[in-house]
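See structure below.
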Amino acid sequence: MTLVAKDEKALAGQFDMVIVTGDVTEHGTGEEYRPFLEIMAPLHLPSRAVPGNHDAGEPMRESLAASGWMPESGPIDWEAEFDDLAVICLDTLVEGRPHGRLAPESLARLSARLAVLGDKPVLLGLHHPPIAS
């Protein structure tokens with residue numbers, strides 16, 4: 015993700031949320047997440063992330079959870095609901111592997127939330143494609 019603006023505060027007023035679907039780092043080390051937080055901080059927006067295959071689940075959580083980017087414990091799946099849209103992101107990380115996987119628990123939570131949301135539009139965020147590609 016790349017955002018370029020002369021005035022981050024003006025840019026922030028145009029968006030409701032920042033969503034990052036993985037590959038925040040190259041090697042998944044805790045040190046790599048610090049620059050990401052520094053770059054994103056001036057936006058002052060609600061922000062959420064799920065890991066990609068270049069991330070590492072626990073170092074990512076340790077680095078980003080305190081800033082609200084992801085849950086502090088449990089699955090790294092999350093949801094945000096707005097008046098006209100719900101956003102659901104699912105963790106597809108398989109540690110140390112390039113491919114992803116949707117856990118049965120994540121799919122069950124997704125199914126339950128979709129049933130509750132009914133006809134409300136849903137933006138689904140994943141790092142890996144949900145089908146063979």
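Take the sequence shown: its letter number 3 is residue 17 in my numbering, and every next letter is one higher. Ideal Cβ placement from N, Cα and C applies to all residues, glycine included.
Per-residue burial, H141 [other beta carbons within 10 Å of its own, 16 or more giving buried]: As a first step, residue 141 must be located in the sequence shown, where it is residue number 127. It is buried - the Cβ of H141 has at least 16 other Cβ atoms within 10 Å.
In its own chain, which residues sit with a C-beta less than 8 Å from the C-beta of Y47, not counting the 5 before and 5 after it? For the purposes of this step, residue 47 is taken as the residue at position 33 of the sequence shown. Once the five neighbours on either side are set aside, the close Cβ partners of Y47 are V38, T39, P73, M74, S77, L78.
Using the Cα positions of G82 and R62, report the straight-line distance between them to the nearest angstrom. Looking up residue 82 in the sequence shown gives position 68. Looking up residue 62 in the sequence shown gives position 48. Rounded to the nearest angstrom, the two C-alpha atoms are 7 Å apart.
Local conformation of V38 per DSSP, three classes: Working through the sequence shown from its first residue, we reach residue 38 at position 24. V38: coil per DSSP, three-state reduction.
Short of 7 Å in beta carbon distance, which residues of its chain neighbour L137, apart from the five on each side in sequence? Order them along the chain. The residue you call residue 137 lines up with position 123 of the sequence shown. Here the set comprises L99, V101.
Residues near M15 by beta carbon distance below 7 Å, same chain, minus five either side: On the sequence shown, residue 15 is found 1 positions in, with the first residue counted as 1. For M15, the predicted structure reports a pLDDT of 46, less than 50, and the residue's modelled location is therefore unreliable. The matter cannot be settled from this model.
Name the two residues that bound the continuous beta strand (DSSP E) containing R115. The count along the sequence shown starts at 1 and reaches residue 115 at position 101. Element bounds for R115: n/a, residue is neither H nor E.
Secondary structure of L51, DSSP reduced to three states: In the sequence shown, residue 51 corresponds to position 37, counting from 1. Correct three-state label for L51: helix.
S147, DSSP secondary structure in three states: What you label residue 147 is simply residue 133 of the sequence shown in a count that begins at 1. S147 falls in the coil class under three-state DSSP.
Within 10 angstroms of the Cβ of P65, are there 16 or more other Cβ atoms? Answer buried if so, exposed if not. Against the sequence shown, residue 65 aligns to sequence position 51. So P65 counts as buried.
Assuming G71 contacts E109 (C-beta within less than 8 Å), just tell me the rounded distance between them. Taking the first residue of the sequence shown as position 1, residue 71 is located at position 57. Taking the first residue of the sequence shown as position 1, residue 109 is located at position 95. About 6 Å separates the two Cβ atoms, so the contact holds.
Boundaries (first-last residue) of the beta strand (DSSP E) holding G139: Locating residue 139 in the sequence shown gives position 125, where the first residue counts as 1. 136-139 is the span of the beta strand (DSSP E), which, as asked, contains G139.
Among the candidates L131, Q28, G114, whose CA atom is the shortest distance from the CA of I145? Looking up residue 145 in the sequence shown gives position 131. The residue with the shortest Cα to Cα distance from I145 is G114.
Would you mind working out which of P89, P56, P112 sits nearest R123, comparing C-alpha positions? In the sequence shown, the residue the question calls residue 123 occupies position 109. When only C-alpha atoms are compared, the closest one is P89.
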